[in-house]
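Enquirer: First residue of the sequence shown? That's 18 in my numbering, and the numbers climb one at a time after it.
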Amino acid sequence: MDDIDSLLSIMENSTRRAILKKLLLEESYGLEISKSLGLSQQAINKQLEVLEKANFILSMGVTHSSVGPPRKVYRPTGFSTLVIDYTPSFIQVSKLDLSEKDAISDHGDISVERIKELNEQMDILMKERQTLVEEKNFIIQKLRRNVIEKVNEGFVRELLLEYLETLNEEKVSQSMGIPVEIVMKIVNDFLD
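1) Per DSSP, Y103 forms a beta bridge with which residues?
2) What are the start and end residues of each continuous alpha helix (DSSP H) run of 4 or more residues lying completely inside the region 110-194, in chain order?
3) Which residue's Cα is closest to the Cα of R33: K63, D22, K52, G194?
4) Figure out for me which residue from F107, S57, R146, R88 has the closest Cα to the Cα of R161.
5) Nearest CA to the CA of I195: which residue from I61, V173, L115, V129?
6) Spatial neighbours of S111 within its chain, please: CB distance less than 6 Å, with the 5 preceding and 5 following residues excluded, ordered by chain position.
7) Can you tell me the Cα-Cα spacing of D140 and D102, whole angstroms?
8) Quick test of your reading: V200 and L184, contact by CB under 8 Å. State the CB separation rounded to the nearest angstrom.
9) Is the beta carbon of Y46 closer than 7 Å to that of R88?
10) Exposed or buried, what is M18 when buried is set at 16 or more other beta-carbons lying within 10 Å of its beta-carbon?
11) Distance, Cα to Cα, E49 vs E134?
12) Does S83 come out as helix, strand or coil in the three-state DSSP assignment?
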């Protein structure tokens, strides 16, 4: 399964999200998570298996119990950020992996105020990003309309529309079964 599909599949399930949130606070095992979330241990174990298989959690060994068998202890892993653009002219999903190292020594101010500052900066960046996505959408829509109005040949039209969707000559070359050089020539002739 693709990394992005896996991430979306994991995050769309509220039980899995709850397990991950619990594990972010502290390493834990199935029975403890079950009690904490008020769900059956069988249901939790099933979700732990899915999370481990998808590399969202990692077994840290076992803890011994005086009332039963040793228990597998888990911690979260595979951290990332996901950005989805869903516009009238394109869909783009980007997954950026995040470092798991303890980077506290690399940063000066460790405070709630610093978290607030970071949130404000991220909000500003998201607003700027929104403006850029809107501009990209507008340009793609205009170029797409031009292709539809001016290009009558079906093959060339299909190639150009696919290129506008992917902006990747190699993907278009593979999907259409023609050399990259020809894709680039057609794109340059019609879109530049």
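For glycine and all other residues, C-beta sits at the position ideal for the given N, C-alpha and C.
Expert: Concretely, from the data shown:
1) To locate residue 103, count along the sequence shown from 1; it is residue 86. Paired residues: I108.
2) Here the runs fully enclosed are 129-167, 171-183, 186-193.
3) Indexing the sequence shown from 1 puts residue 33 at position 16. Nearest C-alpha to R33: K63.
4) What you label residue 161 is simply residue 144 of the sequence shown in a count that begins at 1. Closest by alpha carbon: F107.
5) Within the sequence shown, numbered from 1, the residue matching residue 195 stands at position 178. Minimum Cα-Cα distance from I195 among the listed residues I61, V173, L115, V129 corresponds to V173.
6) One-based indexing of the sequence shown puts residue 111 at position 94. So the qualifying residues of the chain are V100.
7) Locating residue 140 in the sequence shown gives position 123, counting from the first residue. Locating residue 102 in the sequence shown gives position 85, counting from the first residue. Going by the C-alpha atoms only, they are around 16 Å apart.
8) To locate residue 200, count along the sequence shown from 1; it is residue 183. To locate residue 184, count along the sequence shown from 1; it is residue 167. Rounded, the Cβ-Cβ distance is 12 Å, inconsistent with contact.
9) In the sequence shown, residue 88 corresponds to position 71, counting from 1. In the sequence shown, residue 46 corresponds to position 29, counting from 1. Yes, these two residues count as a Cβ contact at 7 Å.
10) Counted from its first residue, the sequence shown places residue 18 at position 1. Its pLDDT being 45, under 50, M18 is placed unreliably by the model, and the measurement read from it follows with that caveat. Taking every protein chain shown into account, the CB of M18 has fewer than 16 other CB atoms within 10 angstroms, so this residue is exposed.
11) Indexing the sequence shown from 1 puts residue 49 at position 32. Indexing the sequence shown from 1 puts residue 134 at position 117. Straight-line Cα distance between these residues: approximately 35 Å.
12) On the sequence shown, residue 83 is found 66 positions in, with the first residue counted as 1. Reduced to three states, the DSSP call for S83 is coil.
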